[in-house]
Each structure stands twice: as structure tokens, then as C-alpha cells.
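Asks: Residue numbers for the sequence shown follow the numbering used here, beginning at 497 and rising by one. Here it is, the structure, as C-alpha cells.
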Amino acid sequence: MRTAQFKHWHCLTTEKVFEKLHATSEGLSSREASERLGVYGANRINVERRTSPLTLLVAQFKNVLILTLLIATLLSAYLGHGLEAVAIAVIVLFAVLLGFVQEFRAEKAIEALRQMAAPLARVRRDGKESVINASELVPGDMLLLAVGDRVAADARLLQASNLRADEASLTGESLPSEKDVEAVLSEEAAPGDQKNMVFAGTSIIYGRASAIVVSTGMATEFGRIAAMLQAVETEKTPLQKNLDKVGSALARVAVLIVLVIVALGVFRGQSFIEMLIFGIALAVAVVPEALP
Numbered sequence: 497m498r499t500a501q502f503k504h505w506h507c508l509t510t511e512k513v514f515e516k517l518h519a520t521s522e523g524l525s526s527r528e529a530s531e532r533l534g535v536y537g538a539n540r541i542n543v544e545r546r547t548s549p550l551t552l553l554v555a556q557f558k559n560v561l562i563l564t565l566l567i568a569t570l571l572s573a574y575l576g577h578g579l580e581a582v583a584i585a586v587i588v589l590f591a592v593l594l595g596f597v598q599e600f601r602a603e604k605a606i607e608a609l610r611q612m613a614a615p616l617a618r619v620r621r622d623g624k625e626s627v628i629n630a631s632e633l634v635p636g637d638m639l640l641l642a643v644g645d646r647v648a649a650d651a652r653l654l655q656a657s658n659l660r661a662d663e664a665s666l667t668g669e670s671l672p673s674e675k676d677v678e679a680v681l682s683e684e685a686a687p688g689d690q691k692n693m694v695f696a697g698t699s700i701i702y703g704r705a706s707a708i709v710v711s712t713g714m715a716t717e718f719g720r721i722a723a724m725l726q727a728v729e730t731e732k733t734p735l736q737k738n739l740d741k742v743g744s745a746l747a748r749v750a751v752l753i754v755l756v757i758v759a760l761g762v763f764r765g766q767s768f769i770e771m772l773i774f775g776i777a778l779a780v781a782v783v784p785e786a787l788p
């Protein structure tokens, strides 16, 4: 039974919702809820193991220009040019920290979604009200909502009294959303326009209601957002792509300069170490210090 994969619950009458979920207004039995939990899984936002802060920081040094400037820093310090070494080091540090902060914020976005999940839910099971862990909610559960409650799953409203929900976390709309059990909606209606639905991660700010859970965990609107955040690779900007191309080209030129200088110097009887240092100095000069 995978009926909770259906997406257009807002288009159905309450009778059709009960029929599709094989549920009643008295709620599920404990046995049925347990069986459904085995089918649908726990009601939680699954967050894949994210990159550690240390790994993110180390990754910033994989940039060709950053590595080249690090060599420039070490070489300047070795040759006694302390002021130049400090100046280049500051530029490198700024570039590395900027990249780290941007990626670290992206890593935190999904964790923030999970923390918005409700810890508990009030439901009707076995014909009576009870409070359960929100992770135990399943499609077909009768969810009971009141002022101050955080909605624990996506649910189709059955009864509502002056119900208003804060859906800013989902839609970005600062004004509360007024709900209407009898609203007639098209399949294309966005979550913010689905007046007969309540969604996981949102809050009840006025009124009370009963609703039937239709989606849990990663099948909720919040779950879909989390899945997209985990699946999407961070796209580089055109400027970053062009800088990568320039960096690669400059790196090839730098390596060529080092090889030519060292080869010519050794051929003429010069010290290999001296020629290597001289070649690296010329190669580093190819890279503008402010390019990262």
C-alpha cells in the first residue's frame, strides 16, 4: 500500500481521502499504525552525512590559484621578503575563509529543516486521543491541532474552526494562511494556495482542527525540499568558472617556466637548487596576487 505517494490530496473530497487511505474518522488502530510504520518508515527528515567543517576548509586549498599563491608566500618568506609574504598570506586567508563560510552555510540549511520538525503529535488512535512521538505518525492517522502546535506531517483538513497557520518557513509568506476545509482547488495549486491542507514544519497560530495525515517524512513538502538540497551540487558562477580556466592556464605556464629555467641553468652548470628557486620565483610572478 503506497497510496501516500499521491500528490493531489487537496483536490479530493474528504470522503475520497478516507477511501484512498483506507482510514476512518475514528483513527487507526495501534496494530494498523504499526503495520503502516513498517511500510512508510519513520516520520522524519533524513539527512545524509554531510561534509565536516575540516573537510570543507581543506577543500578550499584545492584551487590552483590558492596553491600557487601559497607557494609565493613560502618563497617570499624564504627569500626574506616578509612584507610581501604577509600581504599574499592575507589575500589567501580571505579567499579561503570566504569560500568556507559560503559552503558551511549551505551544509547547515538541511539541518535547519530537520530541527523545525515537531517532536510530538496529538492523534486519535483506537478511538481515543493520545500524544505520540511525531516520528511514529503514518498516513491515515487522525491529527488533532490547536493553537501553538507545530504540524508534524502533511495532512488534509477534515474539520477546522477559524484555522490560521504560519507557513512562512515553507512558502516565505509572512502573513498567516487562512484555512478552508471546503476549498475547491486545481491540481496545479501551489502549497501556499492549498487552503484545505496543513504542512509539516508549519505552525498553528489561531483556531483548532482535525486532519488526516497524507504524507510523512521525505514525502512531505519539507522532505522534498530537503531532498533537493541534498541532491543539488553547488553551481559555480560564470566568474568562478572563468577564474578556474585562467588559473589552470597560468599553472601550466608556471610549470613550463620552472622546467625551462631549471633545465637551462643545470645545462650551463648552475646549482639545481638555485635554479629551482629562481624558476619558482619567475613562475609565481605570472600570477596576479589579488586574483583569487
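All C-beta atoms, glycine included, are put in the ideal place defined by N, C-alpha and C. Remember, it's a predicted structure, so these values are computed and weren't measured experimentally.
Judging by CA-CA distance, which residue of Val627, Lys558, Gly668 is the nearest neighbour of Phe596?
Replies: By one-based count along the sequence shown, residue 596 stands at place 100. It is Lys558.
Asks: Output yes or no for whether 8 Å exceeds the beta carbon distance between Leu523 and Asp637.
Replies: The count along the sequence shown starts at 1 and reaches residue 523 at position 27. The count along the sequence shown starts at 1 and reaches residue 637 at position 141. Note on residue identity: the sequence assigns Gly, not Leu, to residue 523. Yes, they are a contact pair.
Asks: Report the residue from Leu589, Thr712, Val694 whose alpha carbon sits nearest the alpha carbon of Leu565.
Replies: As a first step, residue 565 is located in the sequence shown; it is residue number 69 there, counting from the start. Closest by alpha carbon: Leu589.
Asks: Is the stretch 574-588 touching the stretch 688-702, taking contact as three or more C-beta pairs under 8 Å?
Replies: They do not touch, by the three-pair rule.
Asks: With the cut-off set at 8 Å, would you say Ile708 and Ala661 are in Cβ contact?
Replies: Within the sequence shown, residue 708 is the residue found at index 212, counting from 1. Within the sequence shown, residue 661 is the residue found at index 165, counting from 1. It is not a contact, given that the beta carbons lie outside the stated cut-off.
Asks: So Leu653 packs on Ala591, CB below 8 Å; how close in whole Å?
Replies: Here residue 653 is taken as the residue at index 157 of the sequence shown, counted from 1. Here residue 591 is taken as the residue at index 95 of the sequence shown, counted from 1. That pair is no contact at about 51 Å.
Asks: Determine, using beta carbons only, whether Phe718 and Ala696 come nearer to each other than 8 Å.
Replies: Translated into positions along the sequence shown, residue 718 becomes position 222. Translated into positions along the sequence shown, residue 696 becomes position 200. Closer than 8 Å, so yes.
Asks: Helix or strand or just coil, what does DSSP make of Leu553?
Replies: Taking the first residue of the sequence shown as position 1, residue 553 is located at position 57. Leu553: helix per DSSP, three-state reduction.
Asks: I'd like the span of the beta strand (DSSP E) that includes Leu561, first residue to last.
Replies: By 1-based counting over the sequence shown, the position of residue 561 is 65. First-last for Leu561: 560-574, but that is the alpha helix (DSSP H), not the beta strand (DSSP E).
Asks: Between the alpha carbons of Leu553 and Lys675, how many angstroms are there, rounded?
Replies: Position 57 of the sequence shown, counted from the first residue, corresponds to residue 553. Position 179 of the sequence shown, counted from the first residue, corresponds to residue 675. If I take the Cα positions, the gap works out to 46 Å.
Asks: With Ala656 as the anchor, note down where its beta strand (DSSP E) starts and where it stops.
Replies: The residue you call residue 656 lines up with position 160 of the sequence shown. Counting along the chain, the beta strand (DSSP E) containing Ala656 begins and ends at 650-662.
Asks: With 8 Å as the threshold, decide whether the Cβ of Asp637 is near any Cβ in chain B.
Replies: In summary, chain B is missing from the structure at hand, where a single protein chain is found.
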